[in-house]
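**Student:** The numbering of the sequence shown is the working numbering, which starts it at 196 and goes up by one.
I have a structure I would like to understand better, so I am pasting it below and will then ask my questions one at a time.
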Amino acid sequence: MSTNPNPINTSANPAPRCQHRFANFKQCRLPASAPSPFCPQHAKFAQPLEEDHSRFLLKSSQDFQTAQGVNFALANLFELVAKNRISSRRAAVLAYIGSLLLRTHSAIDHDRELNITDPTKSQPKQSLPSVPEPDPAQRPS
Numbered sequence: 196m197s198t199n200p201n202p203i204n205t206s207a208n209p210a211p212r213c214q215h216r217f218a219n220f221k222q223c224r225l226p227a228s229a230p231s232p233f234c235p236q237h238a239k240f241a242q243p244l245e246e247d248h249s250r251f252l253l254k255s256s257q258d259f260q261t262a263q264g265v266n267f268a269l270a271n272l273f274e275l276v277a278k279n280r281i282s283s284r285r286a287a288v289l290a291y292i293g294s295l296l297l298r299t300h301s302a303i304d305h306d307r308e309l310n311i312t313d314p315t316k317s318q319p320k321q322s323l324p325s326v327p328e329p330d331p332a333q334r335p336s
């Protein structure tokens with residue numbers, strides 16, 4: 196009879212456990228089903244990886260530098276939502292970003308009017324027009 200204080204469990208784990216964690220951080224005890232890291236019960240709730248729609252969304256967007264470019268991107272986003280190819284939550288985030296881009300266009304135009312192209316680069320100091328020094332002999336009127 197062996198009295199090994201650290202017996203090694205030689206029984207092979209037949210299947211990995213479901214990777215779902217409950218609110219109390221405990222792991223589900225059911226075995227995971229083959230392609231998914233979750234058991235069949237929790238696999239229903241696992242979010243599928245969303246497709247990359249960037250190519251379609253960026254089509255005709257003109258790098259978002261014009262209002263028309265942002266409009267084209269929002270129209271493409273609308274089409275993806277209408278075809279149920281993108282979640283409404285993700286679409287709402289992208290639409291909000293589009294509205295922020297549109298709002299910054301007027302500020303960018305204002306910066307261009309002031310010849311501000313890159314605020315991180317130092318601008319040459321503009322000299323003030325020279326004002327003649329006051330003559331101490333003259334009295335202010």
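For every residue, glycine included, the Cβ atom is placed at its ideal position computed from N, Cα and C.
By Cβ distance, which residues of its chain are closer than 6 Å to S206, with the 5 residues on each side in sequence left out?
**Tutor:** Because the pLDDT at S206 is just 49, under 50, the model does not fix this residue reliably, and the value given afterwards should be weighed accordingly. Same-chain partners within the cutoff: there are none.
**Student:** Using CA atoms only, rank isn't needed, just tell me which of K278, F259, A277, N279 is closest to I292.
**Tutor:** F259
**Student:** Could you tell me the distance, in whole angstroms, from the CA atom of Q263 to the CA atom of R250?
**Tutor:** 17 Å
**Student:** Going by beta carbon distance, what residues of the same chain come within less than 6 Å of N204, once the five residues before and after it are set aside?
**Tutor:** With a pLDDT of 48 at N204, under the threshold of 50, the modelled position of this residue cannot be trusted; read the value that follows with caution. Excluding residues within five positions, none has a Cβ falling inside 6 Å.
**Student:** Hey, which unbroken runs of the beta strand (DSSP E) at 3 residues or more fall wholly within the segment 207-278?
**Tutor:** none
**Student:** Measure the Cβ-Cβ separation of P226 and R212 and say whether it is below 8 Å.
**Tutor:** yes
**Student:** Counting Cβ pairs closer than 8 Å, one from the segment 298-316 and one from the segment 274-287, do we hit at least three?
**Tutor:** No, the segment 298-316 does not touch the segment 274-287.
**Student:** Answer yes or no: does any C-beta atom of chain C fall closer than 8 Å to that of L252?
**Tutor:** Of the chains in the structure shown, none is chain C; there is only one protein chain.
**Student:** Taking L269 as the reference, give the member of S231, L297, P235 with the closest Cα.
**Tutor:** L297
**Student:** Relative to the alpha-carbon of S255, which residue among K239, A302, P331, V265 has its alpha-carbon at the smallest distance?
**Tutor:** Relative to the Cα of S255, the nearest Cα in the group K239, A302, P331, V265 belongs to V265.
**Student:** Going by CA-CA distance only, name the one from S231, L289, S283, P232 that's closest to L337.
**Tutor:** Residue 337 lies beyond the range of the chain shown here (196 to 336); nothing can be said about it.
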